[in-house]
Amino acid sequence: MTQSKITKQLVSTTINGEPVEFLCEPQQSLLECLRDILGLTGTKEGCNDGNCGACSVLLDGQLVNSCLVLGVEIEGRAVTTVEGLADWRGLHPIQQAFLEAGGFQCGFCTPGILIATKALLDRKPNPSEAEIRAWLSGNLCRCTGYDKIVRAVQAAACHLNTECEVDA
Amino acid sequence: MQPFTYQAPTSVGEAVTLLADSTHQARPFAGGTDLLVQMRRGLYAPELLVDVKHIPELNRIAFDPTAGLTIGAAVSCAWLCDHPAVRQHYPGLIDAASIIGGAAIQRRATLGGNLCNAAPSGDSIPALIVLGATATVAGPHGTRSIPVADFCIAPGKTVLGPGELLVALRIPPPVPRSGACYLRFIPRGEMDIAVAGAGAWLALGEDGSITDARIALSAVAPTPLWVKAAGEALIGQSPTEDAFKEAAAIAQAAARPISDVRGTAAQRRHLVGVLTRRALQGAYQRTK
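Protein chains in written order, with this note's numbering: chain A, 87 to 254; chain B, 50 to 337.
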């Protein structure tokens, strides 16, 4: 088989609630498709091998590393990227909590951490600090030392969950 | 990554036909958490990836108290770890499946992939071995069943022949008064590769003595290692600390660790003793 035989495939999918169609080659990761084909550059490329979490997105609501998903795999499925968090009302409560708690410095890991946080709080509205730290173990941050990130997740949980008692 | 073609068959037969076609250098593709990384590093350059996640037999978890547990080869670790029957009846398997990668990896990585990747450090393999798991494999000449203990033959190498596809893992039903546990040592809390790991399974008789036991190790030999003698030494004994220490010493003697970036051979041999003893304690707690 030669490279000339490999043709682009049409992918019909939903990204951030909107129907999207694009052409990609099978070896292009979802991360490359998002950034290079669709111009959704909020999702970042860090390690490109599943260690750093900068490329985290939701695939049918599940947290995945978009560098380890092929673009052709999202046919008929739904992807949420960091661009899908805010709406016409403004920032998502998780984004607002990170802003207020200073849960970032350079900001490179932040889109992935916001998405990972959404996946966590969708699954577990009131996680313990240990659960937050374990869940975010796949999202590396080289600036903050993680503490402000954890406080921001707690504040976001508090905001989203009326029964929350954490004083963040 | 090198260009390749992508197919997503919806039946085992179709997948085997694609994999067996000798004009393709084809590889099955499930979670991709090992395969895509290895392809980017140039370890493999398949011409065809066969996505097995659309095949029903590879995408199911079934538990029956008399038949046991069947885990499709493309079932993610997160799916397995959230399954109530698996949590209830096979906590020793959850020990291993829940520590393979962080949250995002958990949602893609599969036990089938962990087995077929055949890393000496594959956490789920010792857990599967001690539970007596078998692998159901489909190929161009039909279906066969292989004990997981015999599946890996060298680092990254398995008994799978050309065109063969791992369909499912089967684990016997839990026997009364039995328990399993898997433990590994890593220098950080999560998201790491085992320096050494140990799985243990125990079954007790009505009088409380050990009627059967299995111990298997990770990251201390070219393949995950079933130490039959360590389990056999426990049979007929009471589940005491002394008995567990004796079995742990046999496991230590059987280990063939190397020194590498993750640890020295001496450290690994020491860890085998500690982890085996603690895994036996954990397995014993679960017999109750």
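Ideal Cβ placement from N, Cα and C applies to all residues, glycine included.
- One Cα belongs to B:Leu253, the other to B:Ala302, and the distance between them is close to 25 Å.
- Residue ranges of uninterrupted beta strand (DSSP E) with 3 or more members, entirely inside the stretch 98 to 160 of chain B and ordered along the chain, are 110 to 113 and 117 to 121.
- A Cβ-Cβ distance of about 18 Å is found for the pair B:Ala153 and A:Val236, leaving them out of contact under the 8 Å criterion.
- Counting along the chain, B:Ile174 sits inside the alpha helix (DSSP H) bounded by residues Ser173 to Val179.
- Scanning the stretch 227 to 296 of chain B from its first residue to its last, the whole beta strand (DSSP E) runs of 3-plus residues come out as 227 to 234, 245 to 253 and 259 to 267.
- In this structure the stretch 221 to 235 of chain A touches the stretch 131 to 148 of chain A; the number of beta carbon pairs closer than 8 Å is three or more.
- With contacts defined by Cβ atoms closer than 8 Å, B:Val197 and B:Leu215 do not form a contacting pair.
- Note that the stretch 101 to 113 of chain B does not touch the stretch 170 to 188 of chain A; fewer than 3 beta-carbon pairs, one per stretch, sit closer than 8 Å.
- Among the CB atoms of chain B, one or more fall inside 8 Å of the CB of A:Asn134.
- In terms of Cβ geometry, B:Ala69 and B:Ala122 do not form a close pair [threshold 8 Å].
- For B:Pro196, the uninterrupted beta strand (DSSP E) segment begins and ends at Gly191 to Pro196.
- From the beta-carbon of A:Trp221, the residues of chain B found nearer than 7 Å are Ala152.
- In summary, the residues of the stretch 222 to 239 of chain B whose CB is separated from some CB of chain A by less than 7 Å are Gly238 and Glu239, in the order they occur in the chain.
- Residue contact with chain B for A:Leu154: present (Cβ-Cβ distance below 8 Å to some residue of chain B).
- Take the alpha-carbon of B:Ala229 and the one of A:Glu118: they are about 42 Å apart.
- Look at B:Asp199 here: in three-state DSSP terms it is helix.
- If you draw a straight line from the Cα of B:Ala75 to the Cα of B:Gly171, it comes to about 23 Å.
- CA-to-CA, the gap between A:Thr248 and A:Lys210 works out to about 14 Å.
- For B:Trp275, the closest alpha carbon among the candidates B:Ser173, B:Glu213 and B:Gly81 is that of B:Ser173.
- Annotation: B:Lys206 to B:Pro169 spans about 10 Å, alpha carbon to alpha carbon.
- One thing to note: A:Thr203 has its Cβ within 8 Å of the Cβ of A:Ala242.
- At least 8 Å separates the CB of A:Pro213 from every CB of chain B.
- With respect to the 8 Å criterion, B:Arg219 and B:Ala182 are classified as neighbours on the basis of their beta carbons.
- With respect to chain A, the C-beta atom of B:Val186 has no partner C-beta closer than 8 Å.
- Those residues of the stretch 85 to 99 of chain B placed with their C-beta closer than 9 Å to a C-beta in chain A are Leu85, Val86, Met88, Arg89, Arg90, Glu96, Leu97 and Leu98, ordered along the chain.
- Here DSSP, grouped into helix, strand and coil, assigns A:Arg121 to helix.
- Apart from sequence neighbours up to five positions away, the residues of its chain that approach A:Gln95 with a beta-carbon distance below 6 Å are Val158, ordered along the chain.
- Following the DSSP letters along the chain, one finds B:Leu214 in no alpha helix (DSSP H) but inside the beta strand (DSSP E) bounded by residues Leu214 to Ile220.
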